Structure formats: C-alpha cells, structure tokens
Amino acid sequence: MGRGDLSGTNGQRRTCAAGGAEDMNLRKKEDGVWPLPDMSIHVQLELKQELDEEGSRCLLLSRQSCFNQRCCIRCCLPFTFLFNPKRQCLDCRYNVCKACRVYNKQDKTWLCSTCQKS
C-alpha cells in the first residue's frame, strides 16, 4: 500500500479546524453559554444570570392579576395614555413602557430590553 495524495491536507486541516470551532460554538449555545465577541466568559455568565433573574421576576409579577395591564413588567412604572404608553414585546409578550423597549425596524415590532439582550 502506497501513500495517497496528501497535497490537500493543509486546506483540509483549516476546514476541520473551522468546523470544530463552529461545533464548539453550537455546543456552548446548547449549554446556555453563548460566545459573544470581545466578552470574557465571566461577563457572559453574569449576563446569563441577569437574564435568568429577570425572567423569574417577570414570571412572579405576571401571576398577579392584571399587573402587566397597568404597569411595565420590567421597571414597574404605571402606563399612561400619552406619556408612557404600553407596547407588547414580540418575544416574551409582556407589556413594556417606552423606557424599556426598542423598536425593531426589520420586523416593525417592539422588543423589550431583556429580549433584545438575549
């Protein structure tokens, strides 16, 4: 048995390395730790913990009858017709005030600040 043509090995190594890095990124996303550019793992874990705490708080507040109809689920400020109108977040479906939301021009919808982070 002779040796095969090994001329493409450098290109194959680069392809395998890129595929391996992509696989690691997918595994981190599945584990709940997603790689963000220019952020340390410590900062990423803090962000994940902050988002988890916010989710727990919102779940607790939403269980109170009509709370989210009267107040912002993120900052708890009451809604007013002209000065602080409520809008529903596209992702979590909670009502949020103007200080806690961002307009998504592509989808022409509102996202709350927490859903935008995630």
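One point on numbering: in the UniProt record's numbering, the residue at position 12 of the sequence shown is 12, and numbering is uninterrupted.
Note that beta-carbon positions come from the ideal geometry of N, C-alpha and C, so glycine has one too.
Source: prediction; values computed, not measured.
Report the three-state DSSP secondary structure of residue i (helix, strand or coil).
| i | result |
| --- | --- |
| glutamine 44 | helix |
| cysteine 71 | strand |
| cysteine 112 | strand |
Which residues in the same chain as residue i place their Cβ atom closer than 6 Å to its Cβ, once the five residues preceding and following it in sequence are excluded?
| i | result |
| --- | --- |
| cysteine 72 | Val96, Cys97 and Cys100 |
| serine 113 | Cys100 |
Name, in chain order, the residues that DSSP records as bridge partners for residue i.
| i | result |
| --- | --- |
| proline 78 | Cys71 |
| tyrosine 103 | Trp110 |
| arginine 87 | Val96 |
So residue i and residue j are supposed to be a Cβ contact under 8 Å. How far apart are they, rounded?
| i | j | result |
| --- | --- | --- |
| leucine 82 | threonine 109 | Going by Cβ atoms, the distance from leucine 82 to threonine 109 rounds to 22 Å, so no, they are not a contact pair. |
Does residue i come within less than 7 Å of chain D when only Cβ atoms are used?
| i | result |
| --- | --- |
| glutamate 50 | The structure shown contains no chain D, having only a single protein chain. |
(message) So, does the stretch 61-77 touch the stretch 38-48, judging by three or more C-beta pairs under 8 Å?
(response) Look at the beta carbons and you see the stretch 61-77 not touching the stretch 38-48: under three pairs across the two are nearer than 8 Å.
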